[in-house]
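K.L.:
Have a look at this one before I ask anything.
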Amino acid sequence: MRKAAVMLGVALAAWSPGQAAHVPTATDATPCQVPPGWDQVAAQGAKVVVFGEMHGTREAPAFVGNLACALAANGERVLVAVEHDAINDDDFQKAWAMPDAAFVPALTKAGWAQRDDGVGSESMLAMLVALHHEARTGRRIDIVAFSGVKDEAQARQFAHLPGQGPHDAAQAENIRIAAARQPYYHVLVLAGNTHARKRPVTYTPIPFDPMAMRLARSVPVIALNMTSAGGTSWTCGLKPGVVPKPHAPNTDADVECAAHPLGKDADLDRAPFIALGSLPGQQPDPDYDGVFWLGPVSASPPAVSAQSPKRTP
């Protein structure tokens, strides 16, 4: 097997916080490797694997990027789907076709300044930079920005759905369409873990069918929930002392985007891995097919400073 050239942690370590002009590099790289437990997933025969993350960690994008890199090194054609706005996907594709030196300036013009919520993190950008480098050297890796409605026609198509239903239905359709464009061995989707559920979301004021549930109606899907030893993640939430308004939206002044504590799911002294079912000694969550374990996690701040209202889609 020919070794892959990039390890996502190396690209992330080269990143300078808040400076989109400072490009993560692939120098002095360590070969990326398939994580333990992936063989269980591959044996299921599902083309699409959805990784449901808590946004804003260094470790979740690095995990998915490392897997994509390793699969491509094994000869697979891989699509990596990221939770950036579908309306920006054309710009993502144009950037993907550019040489390494032009990639980050082009990519980060496509909506990154609007993502102060953990989705447009340094780690997310480092993952894409590393995978772009692999693609430029001949690996068969593509990307797609899939989140939300891509145009007015799609908005009308799903307008009848309740609550957040139109958003997640559009996500599912955008992934399905992108996955059908090439004979991909695997489609790796990195999304918030609400979107990654395979049963209806009922804890919101208006229940809805999440992305992975809808996507599984048309293609085989394995959904994995992020688990960790705890740490921090970059998220947006109400500032201390702010009381939610029942009948009015929160304003920017009410919201703080920062590194916040993230509770642990288990005490495991293990390197990252995948498991179908649950972590050792725990009960399976029926919303997912399994878990991916990251170990301790740390917050990854925005790659580009926010210049518009904060969002938590």
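FYI, in mature numbering (1 follows the signal peptide of the UniProt record, and there is no 0) the residues of the sequence shown are -20 to -1, 1 to 293. Ideal placement from N, C-alpha and C gives every residue a C-beta, glycine not left out. Quantities reported herein were computed from a predicted structural model and do not represent experimental measurements.
1. Would you kindly report the start and end of the unbroken alpha helix (DSSP H) that includes proline 146?
2. Kindly give me the distance between the Cβ atoms of valine 21 and valine 29, rounded to whole angstroms, as I take these residues to be in contact under 8 Å.
3. Just checking, does the stretch 68 to 77 make contact with the stretch 135 to 145 on the three C-beta pairs under 8 Å criterion?
4. Return the chain-ordered ranges of every beta strand (DSSP E) run that is complete within the stretch 40 to 65 and spans a minimum of 3 residues.
5. Is the number of C-beta pairs between the stretch 268 to 277 and the stretch 194 to 212 that are closer than 8 Å three or more?
6. Between which two residues does the alpha helix (DSSP H) harbouring proline 85 extend?
7. Let me confirm a value: arginine 119 is counted as buried when at least 16 other C-beta atoms fall within 10 Å, else exposed. Which label applies?
8. Starting from the C-beta of residue 297, find all residues in its chain whose C-beta is less than 6 Å away, skip the five residues before and the five after it, and write them out in chain order.
9. Note down, in chain order, each residue of its chain lying with its Cβ closer than 7 Å to the Cβ of valine 3, except the 5 sequence neighbours on either side.
10. Please determine, among Gly270, Thr37, Ala158 and Ala93, the residue with the shortest C-alpha to C-alpha distance to valine 199.
11. Taking 7 Å as the limit between beta carbons, can you name the residues of its chain near glycine 243, skipping five residues before and five after?
12. Does the beta-carbon distance from alanine 81 to valine 284 come in below 8 Å?
13. Mind the definition here: the stretch 10 to 20 touches the stretch 219 to 231 only if three or more C-beta pairs lie below 8 Å; say whether that holds.
14. Could you tell me which residues DSSP pairs with leucine 242 in its beta bridges?
15. Assign valine 199 to one of three DSSP states: helix, strand, or coil.
16. Is threonine 7 helix, strand or coil when you go by DSSP?
17. What does the Cβ neighbour count give for arginine 177, buried or exposed, with the cut at 16 atoms within 10 Å?
18. Kindly give me the distance between the Cβ atoms of alanine 125 and alanine 86, rounded to whole angstroms, as I take these residues to be in contact under 8 Å.
19. Report yes or no: do the stretch 95 to 111 and the stretch 26 to 46 share at least 3 C-beta pairs separated by less than 8 Å?
20. On the criterion of 16 or more Cβ atoms from any shown chain inside 10 Å, does alanine 255 qualify as buried, or is it exposed?
21. What did DSSP end up calling histidine 113 once you bin it into helix, strand or coil?
22. Flag valine 277 as yes when its Cβ comes closer than 7 Å to any non-hydrogen atom of the ligand FMN, and as no otherwise.
23. Let me check understanding here. Comparing Cα to Cα, which of Gly36, Pro229 and Ala26 lies closest to asparagine 173?
24. Name the residue from Ala50, Thr88 and Gly45 whose alpha carbon lies nearest to the alpha carbon of aspartate 19.
P.N.:
On the basis of the data shown:
1. Locating residue 146 in the sequence shown gives position 166, where the first residue counts as 1. Note, proline 146: alpha helix (DSSP H), 145 to 159.
2. For the purposes of this step, residue 21 is taken as residue 41 along the sequence shown, with counting starting at 1. For the purposes of this step, residue 29 is taken as residue 49 along the sequence shown, with counting starting at 1. Right, the Cβ-Cβ distance comes to about 6 Å (below 8 Å), so this counts as a contact.
3. Segment contact: the stretch 68 to 77 against the stretch 135 to 145, fewer than three CB-CB distances shorter than 8 Å; contact not assigned.
4. Uninterrupted beta strand (DSSP E) stretches at least 3 residues long and entirely within the stretch 40 to 65 occur at 58 to 65, given in chain order.
5. Contact between the stretch 268 to 277 and the stretch 194 to 212 is present: three or more C-beta pairs spanning the two stretches fall below 8 Å.
6. By one-based count along the sequence shown, residue 85 stands at place 105. Its alpha helix (DSSP H) spans residues 80 to 87.
7. Translated into the one-based positions of the sequence shown, residue 119 becomes position 139. Per the 10 Å Cβ criterion, buried.
8. As shown, the chain starts at -20 and ends at 293. That puts residue 297 outside it, with no answer to give.
9. Translated into the one-based positions of the sequence shown, residue 3 becomes position 23. Only weak support is given to the placement of valine 3: the predicted model assigns it a pLDDT of 48, under 50, and the value that follows is read from those uncertain coordinates. Closer than 7 Å at Cβ, skipping near neighbours: Val84 and Val109.
10. The sequence position of residue 199 within the sequence shown is 219, counting from 1. Residue Ala158 is the option with its Cα nearest to valine 199.
11. Locating residue 243 in the sequence shown gives position 263, counting from the first residue. Correct list, in chain order: Gly210.
12. Translated into positions along the sequence shown, residue 81 becomes position 101. Translated into positions along the sequence shown, residue 284 becomes position 304. Against a cut-off of 8 Å, the Cβ pair of valine 284 and alanine 81 comes out as no contact.
13. With the cut-off at 8 Å, the stretch 10 to 20 and the stretch 219 to 231 do not touch.
14. Locating residue 242 in the sequence shown gives position 262, counting from the first residue. Leucine 242 pairs with Gly211.
15. One-based indexing of the sequence shown puts residue 199 at position 219. DSSP places valine 199 in coil when its eight states are reduced to three.
16. Sequence index remark: in the sequence shown, residue 7 carries index 27 (1-based). A caution first: threonine 7 carries a pLDDT of 43, below 50, which makes its placement in the model too unreliable to give a value.
17. Here residue 177 refers to the residue found at position 197 of the sequence shown. By the 10 Å Cβ count, arginine 177 comes out buried.
18. Counting from 1 along the sequence shown, the entry for residue 125 is found at position 145. Counting from 1 along the sequence shown, the entry for residue 86 is found at position 106. Not a contact, Cβ separation roughly 13 Å.
19. yes
20. Looking up residue 255 in the sequence shown gives position 275. It is buried - the Cβ of alanine 255 has at least 16 other Cβ atoms within 10 Å.
21. For the purposes of this step, residue 113 is identified with residue 133 of the sequence shown, where counting begins at 1. DSSP, reduced to helix, strand and coil, places histidine 113 within a helical segment of the structure shown.
22. The model on display carries no ligand, and the ligand FMN is accordingly not part of it.
23. Residue 173 sits at position 193 when you count from the first residue of the sequence shown. When only C-alpha atoms are compared, the closest one is Gly36.
24. One-based indexing of the sequence shown puts residue 19 at position 39. Selected option, being the one with the closest Cα: Ala50.
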